[in-house]
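Undergrad: The listed protein sequences correspond, in order, to chains A and B. Take the first sequence: its position 90, counted from the start at 1, is 90 in my numbering, and no numbers get skipped. Take the second sequence: its position 15, counted from the start at 1, is 15 in my numbering, and no numbers get skipped. Backbone N, C-alpha and C fix where the C-beta goes; we use that ideal spot for every residue, glycine too.
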Amino acid sequence: MATIEIDRVCKSYGAVQALNEVSLSVEPGEIYGLIGPDGAGKTTLFRILVTLLVPDRGSARIEGYDVVRDYRTIRSRIGYMPGRFSLYQDLTVAENLDFFATMFGTSVAENYENIREIYAQIEPFRDRRAGKLSGGMKQKLALCCALVHRPTVLFLDEPTTGVDAVSRKDFWNMLYRIRDAGVTMLVSTPYMDEASLCDRISLIQKGRIIETGTPAGIVAKYPHRLFGVSGMPAYPLLKYLRQCPGVLRCFSFGSEHHVAVDPARTSTEHLQATLEQAGFRQVVVREISASIEDCFMELAKEDQ
Amino acid sequence: MVLFYLLEKEFKQFFRDPGLPKMAIAFPVLMMLVFPFAVSMEIRNINLVVVDSNRSTASSELIRTCTSSGYFNLVDVCDDPRRAMQLMDRNQADAILTISSDFDRLLERGEELPVGIKVNTINGTKGSIGAGYLTSCIRRFQAAQVPASQTMTATDGRMELSAKYYFNEYLDYKKFMVPALIVIAITMLTGFFPALNIVSEKERGTIEQINVTPVNRGIFILCKLIPYWLVAFFVLSACLLIAWLVFDYACAGSLALVYLFTACNILVTAGMGLLISNYSDNAQQAMFVTWFFMMVFMLVSGIFTPIASMPDWAKAITYFNPMRYYADAMRSIYIKGSTLADVWTDALGLLAIGTTMVTWAVLSYKKTT
């Protein structure tokens with residue numbers, strides 16, 4: 001039995017359809033990523049799963065319990081870390097932890113082993129008010145509070161948004177250790193580079209799931225060959241590339257442009273020559289392998 | 001256990017708030033020490049101009065009677081009525097007393113006194129009360145003159161009127177306002193704070209974190225209300241104590257009844273606060289809506305103007321105003337010493353409105369989440 005089972009869930013806010021027939025299933029003990037841009041419907045789906053919102057249509061089950069009918073049972077079994085820091089800023093670290101442990105009918109002492117590793121990092125600040133912690137510390141405290149009652153399923157809504165690169169890496173290492181302790185996790189993130197850190201992912205766009213699979217599997221399904229092209233000046237280069245024969249799509253990707261091509265009609269050498277001829281300087285064209293972001297752009301394009 | 005922890009958390013947050021504990025102390029002190037003087041309806045320092053065309057012993061005696069009453073400032077005594085009007089136009093005079101040139105002669109003959117009163121009614125209360133004071137001064141003067149003029153026959157048919165004020169013998173306005181100010185303080189405190197507290201949990205997202213725990217919502221809300229009820233009772237006690245120590249006013253009726261009515265009123269304001277917090281997304285909205293209702297409640301509560309003198313439609317509105325019942329009961333108990341048998345209708349009114357509010361609040365709370 002899947003730990004989280006979502007079956008054709010729909011939710012609208014007035015005229016805006018936030019979720020449109022969303023279905024997915026999360027197996028026990030995996031870190032499942034929900035990847036999509038802001039406004040794709042990630043938070044709405046989380047709020048339905050953690051029993052804060054009722055879906056318009058469709059159903060969802062967590063460990064076999066229905067999110068609408070058995071919401072009380074679910075609440076004692078899950079941990080939820082919302083995207084925005086929502087602990088009591090005017091209570092201290094220790095008080096917040098005590099408070100949430102008590103709300104779940106347990107105590108910090110009983111579950112200390114469960115959170116020890118993470119809590120050890122913030123314990124020196126146990127008497128500091130939560131509002132006065134740094135971003136990374138707040139995030140660790142929130143994770144402790146979500147874990148303090150030994151949940152078997154953990155929902156993390158954009159846990160790494162607004163956190164620096166080193167802390168993000170730290171945070172993912174913590175998630176792996178939590179997974180190894182047997183907790184199933186659903187994580188949402190707008191960062192495509194975090195997708196490859198998950199066991200399985202779903203790409204979500206405008207309230208619809210556009211692809212589901214392992215990160216490697218999704219990348220393998222990328223249908224075109226991909227060139228990384230750089231040159232000066234960058235923006236006219238992008239515009240020029242878009243009307244080159246054999247170029248299917250072209251997106252700006254930091255310092256490089258990612259160009260999807262039809263291999264029958266062009267090659268790296270040919271494109272290089274064409275661009276140099278057109279007067280672009282420092283032109284470098286190299287073959288690259290697709291990332292999750294390339295797949296997302298491709299799928300999002302098809303979806304429209 | 002959960003209840004205890006939730007309460008402990010609320011108290012911690014209350015005492016850690018930079019403003020709230022100070023407010024709870026400052027509020028009753030301010031209400032009891034400053035406002036009884038500030039909102040007094042007693043009129044003093046009425047600027048009086050006398051147009052004395054008579055300039056006799058009798059006329060100066062009349063002027064002396066008026067000024068010795070303590071209500072008037074004698075601005076000027078002149079001969080020309082136009083100059084007096086000018087002073088009033090410049091807002092330097094509130095009342096003009098005109099004494100005609102044959103005043104002393106007419107007084108001696110015991111005929112009608114030709115005295116004119118003009119009052120400035122830009123401030124209606126000051127004007128009409130000033131005119132009243134002036135009239136009573138003239139009467140007093142007249143009464144004093146009667147035995148001297150020895151025309152007893154002319155006064156045979158006169159009636160002697162004397163007024164006696166019950167329960168507040170000296171018409172001490174402060175005594176009248178103390179229970180009313182307690183009403184305002186308690187209603188504001190218990191109306192605003194729980195509503196703002198719940199909305200701020202909404203704003204900060206902490207209410208969601210609570211909602212995903214198995215904690216019963218009813219208990220959560222109850223824990224929001226209890227601290228403010230305790231604060232309200234603290235403020236009530238402080239107000240009563242200050243009134244007793246500073247003004248020497250004691251509650252004429254039963255103190256238990258005062259606390260009982262306060263508890264009833266808290267039921268109403270708590271219900272209202274919850275209701276408003278259910279329909280508000282942020283503190284600003286909640287603040288403004290609460291403020292709007294408080295204002296309406298206060299103006300048609302009978303605290304500042306008697307309900308009996310309101311037009312019928314306004315009277316009808318007061319029946320839906322919880323403050324009307326609370327204020328009426330508090331004044332009756334505090335000043336008159338009424339018992340529950342006298343004010344049970346007020347209790348009924350409060351309970352009816354309170355039950356409606358709380359029921360509505362609970363129903364709408366379920367609907368919105």
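Pick helix, strand or coil for Ile122 (chain A), following the three-state DSSP scheme.
TA: As a first step, residue 122 (chain A) is located in the first sequence; it is residue number 122 there, counting from the start. In this structure, Ile122 (chain A) counts as helix in the three-state DSSP scheme.
Undergrad: Can you find a C-beta in chain A that's less than 8 Å from the C-beta of Thr368 (chain B)?
TA: For the purposes of this step, residue 368 (chain B) is identified with residue 368 of the second sequence, where counting begins at 1. Because the pLDDT at Thr368 (chain B) is just 47, under 50, the model does not fix this residue reliably, and the value given afterwards should be weighed accordingly. Chain A contact via Cβ: absent.
Undergrad: Under 8 Å between C-beta atoms, does Leu87 (chain A) make it to chain B?
TA: As a position in the first sequence, residue 87 (chain A) is number 87, starting the count at 1. Taking Cβ atoms only, chain B reaches closer than 8 Å to Leu87 (chain A), which makes this a yes.
Undergrad: Sort B:Glu8, B:Asp79, B:Val212 by Cα distance to Thr98 (chain B) and report the nearest one.
TA: Position 98 of the second sequence, counted from the start, is the residue given in the question as residue 98 (chain B). Nearest C-alpha to Thr98 (chain B) among B:Glu8, B:Asp79, B:Val212: B:Asp79.
Undergrad: Rounded to a whole number of angstroms, what is the C-alpha to C-alpha distance between Gly213 (chain A) and His270 (chain A)?
TA: Within the first sequence, numbered from 1, the residue matching residue 213 (chain A) stands at position 213. Within the first sequence, numbered from 1, the residue matching residue 270 (chain A) stands at position 270. The straight-line gap from Cα to Cα measures roughly 35 Å.
Undergrad: As a quick exercise: from B:Thr67, B:Phe72, B:Ser100, B:Thr65, pick the residue whose alpha carbon is nearest that of Pro81 (chain B).
TA: If you number the second sequence from 1, residue 81 (chain B) lands on position 81. Here the closest residue by C-alpha is B:Ser100.
Undergrad: Taking the alpha-carbon positions, what's the Thr345 (chain B) to Met323 (chain B) distance?
TA: Locating residue 345 (chain B) in the second sequence gives position 345, where the first residue counts as 1. Locating residue 323 (chain B) in the second sequence gives position 323, where the first residue counts as 1. Going by the C-alpha atoms only, they are around 13 Å apart.
Undergrad: Give me the subset of the segment 99 to 131 of chain A whose CB atoms are less than 9 Å from a CB atom of chain B, sorted by chain position.
TA: Phe99, Phe100, Thr102, Met103, Phe104, Gly105, Arg129
Undergrad: When you compare only the Cα positions, how much space is there between Pro214 (chain B) and Pro124 (chain A)?
TA: On the second sequence, position 214 is the one that residue 214 (chain B) refers to. On the first sequence, position 124 is the one that residue 124 (chain A) refers to. If I take the Cα positions, the gap works out to 30 Å.
Undergrad: Quick check on Met1 (chain B) - is its C-beta less than 8 Å from some C-beta in chain A?
TA: Your numbering for residue 1 (chain B) matches position 1 in the second sequence. So, interface residue.
Undergrad: Kindly indicate if chain A contains any beta-carbon less than 8 Å away from that of Arg16 (chain B).
TA: Numbered from 1 along the second sequence, position 16 holds the residue referred to as residue 16 (chain B). Arg16 (chain B) counts as touching chain A.
Undergrad: In the structure shown, what three-state DSSP assignment does Ala300 (chain A) receive?
TA: Locating residue 300 (chain A) in the first sequence gives position 300, counting from the first residue. In the structure shown, Ala300 (chain A) sits in a helix (DSSP, three-state: H, G or I).
Undergrad: Please report the residue range of the alpha helix (DSSP H) in which Leu377 (chain B) lies.
TA: Look at the range of chain B in this structure, 1 to 369, and you will see that residue 377 (chain B) is not part of it.
Undergrad: Ends of the alpha helix (DSSP H) at Asp76 (chain B)?
TA: By one-based count along the second sequence, residue 76 (chain B) stands at place 76. Here Asp76 (chain B) belongs to no alpha helix (DSSP H); instead the beta strand (DSSP E) covers 72 to 78.
Undergrad: Would DSSP call Met152 (chain B) helix, strand or coil?
TA: As a first step, residue 152 (chain B) must be located in the second sequence, where it is residue number 152. Legend: pLDDT at Met152 (chain B) = 46, less than 50; position of this residue unreliable, value from coordinates given subsequently. Of the three classes helix, strand and coil, the one that applies to Met152 (chain B) here is helix, per DSSP.
Undergrad: Which of the residues in the segment 192 to 206 of chain B, read from start to end, lie with their CB under 7 Å from any CB of chain A?
TA: Arg204, Gly205, Thr206
Undergrad: Between Tyr65 (chain A) and the ligand SAH, is the CB less than 7 Å from at least one heavy atom?
TA: Because no ligand of any kind appears in the structure shown, any question about the ligand SAH cannot be addressed here.
Undergrad: Cβ of Glu30 (chain A) within 8 Å of Cβ of Val153 (chain A)?
TA: One-based indexing of the first sequence puts residue 30 (chain A) at position 30. One-based indexing of the first sequence puts residue 153 (chain A) at position 153. In this structure, Val153 (chain A) does not lie closer than 8 Å to Glu30 (chain A) by Cβ.
Undergrad: Are the Cβ atoms of Leu3 (chain B) and Ile219 (chain B) separated by less than 8 Å?
TA: Your numbering for residue 3 (chain B) matches position 3 in the second sequence. Your numbering for residue 219 (chain B) matches position 219 in the second sequence. Against a cut-off of 8 Å, the Cβ pair of Ile219 (chain B) and Leu3 (chain B) comes out as a contact.
Undergrad: What would DSSP say about Arg225 (chain A), mapped onto helix, strand or coil?
TA: Position 225 of the first sequence holds residue 225 (chain A). Three-state result, Arg225 (chain A): strand.
Undergrad: Could you spell out where the beta strand (DSSP E) holding Asn20 (chain A) opens and where it closes?
TA: Walking along the first sequence from the start, residue 20 (chain A) turns up at place 20. Start and end: 16 to 26.
Undergrad: So, is Val343 (chain B) buried or exposed, given that buried needs 16 or more other C-beta atoms within 10 angstroms?
TA: Here the question's residue 343 (chain B) lines up with position 343 in the second sequence. Classification for Val343 (chain B): buried.
Undergrad: If we count the other Cβ atoms within 10 Å of its Cβ and call it buried at 16 or more, is Phe85 (chain A) buried or exposed?
TA: Position 85 of the first sequence, counting from 1, holds the residue named residue 85 (chain A). Phe85 (chain A) should be labelled buried.
Undergrad: Measure the alpha-carbon distance for Lys239 (chain A) versus Lys301 (chain A) and round it to whole angstroms.
TA: For the purposes of this step, residue 239 (chain A) is taken as the residue at position 239 of the first sequence. For the purposes of this step, residue 301 (chain A) is taken as the residue at position 301 of the first sequence. Those two C-alpha atoms are separated by around 18 Å.
Undergrad: Taking only the alpha-carbon atoms, compute the straight-line gap between Val362 (chain B) and Val183 (chain A) and give it to the nearest angstrom.
TA: For the purposes of this step, residue 362 (chain B) is taken as the residue at position 362 of the second sequence. For the purposes of this step, residue 183 (chain A) is taken as the residue at position 183 of the first sequence. Taking the straight line from one Cα to the other gives about 36 Å.
Undergrad: Quick check on Tyr80 (chain A) - is its C-beta less than 8 Å from some C-beta in chain B?
TA: Mapped onto the first sequence, residue 80 (chain A) falls at position 80. Interface annotation, Tyr80 (chain A): in contact with chain B, CB-CB separation under 8 Å.
Undergrad: Can you have a look at Thr368 (chain B) and say buried or exposed, based on whether 16 or more other CB atoms are within 10 angstroms of its CB?
TA: Indexing the second sequence from 1 puts residue 368 (chain B) at position 368. With a pLDDT of 47 at Thr368 (chain B), under the threshold of 50, the predicted position of this residue should be treated as unreliable, and no value is reported.
Undergrad: Could you give the C-beta distance for Phe305 (chain A) and Ile288 (chain A), rounded to a whole number, given that I count them as a contact under 8 Å?
TA: Because chain A is modelled from 1 through 304, residue 305 (chain A) falls outside the range shown and cannot be assessed.
Undergrad: Return yes when the Cβ of Met287 (chain B) is within less than 8 Å of the Cβ of Gly191 (chain B), no when it is not.
TA: Here residue 191 (chain B) refers to the residue found at position 191 of the second sequence. Here residue 287 (chain B) refers to the residue found at position 287 of the second sequence. No.
Undergrad: Give me the Cα-Cα distance between Thr151 (chain B) and Gly110 (chain B), rounded to the nearest whole angstrom.
TA: One-based indexing of the second sequence puts residue 151 (chain B) at position 151. One-based indexing of the second sequence puts residue 110 (chain B) at position 110. Annotation note: pLDDT 47 at Thr151 (chain B) (below 50); position unreliable, coordinate value reported separately. Their backbone Cα atoms lie some 7 Å apart in a straight line.
Undergrad: May I have the straight-line CA-CA distance separating Phe292 (chain B) from Asn45 (chain B), to the nearest angstrom?
TA: Your numbering for residue 292 (chain B) matches position 292 in the second sequence. Your numbering for residue 45 (chain B) matches position 45 in the second sequence. Answer to the nearest angstrom: the Cα atoms are 34 Å apart.
Undergrad: Rounded to whole angstroms, what's the CA-CA distance from Val268 (chain B) to Asn211 (chain B)? Just pull it up for me.
TA: By one-based count along the second sequence, residue 268 (chain B) stands at place 268. By one-based count along the second sequence, residue 211 (chain B) stands at place 211. Distance between the alpha carbons of Val268 (chain B) and Asn211 (chain B): 25 Å.
Undergrad: I want to verify the contact list: residues of chain B whose CB lies under 9 Å from the CB of Thr51 (chain A), in sequence order.
TA: Against the first sequence, residue 51 (chain A) aligns to sequence position 51. Near Thr51 (chain A) (Cβ distances below 9 Å), the residues of chain B are Asn211, Val212.
Undergrad: Which same chain residues end up closer than 7 Å to Asn265 (chain B) when comparing Cβ atoms and leaving out the 5 residues on each side of it in sequence?
TA: On the second sequence, residue 265 (chain B) is found 265 positions in, with the first residue counted as 1. Taken in chain order, the residues that qualify are Ile186, Thr187, Pro322, Tyr326, Leu350.
Undergrad: Counting only beta-carbon separations shorter than 8 Å, does Glu208 (chain B) have a partner in chain A?
TA: Within the second sequence, the letter at position 208 stands for residue 208 (chain B). Output row for Glu208 (chain B): interface = yes.
Undergrad: Among residues of its own chain, excluding the 5 on either side of Leu48 (chain B), which ones have a beta-carbon nearer than 6 Å to its beta-carbon?
TA: To locate residue 48 (chain B), count along the second sequence from 1; it is residue 48. For Leu48 (chain B), same chain residues with a beta-carbon under 6 Å away, outside a window of 5 residues either side, are Phe72, Leu74, Ala95 in chain order.
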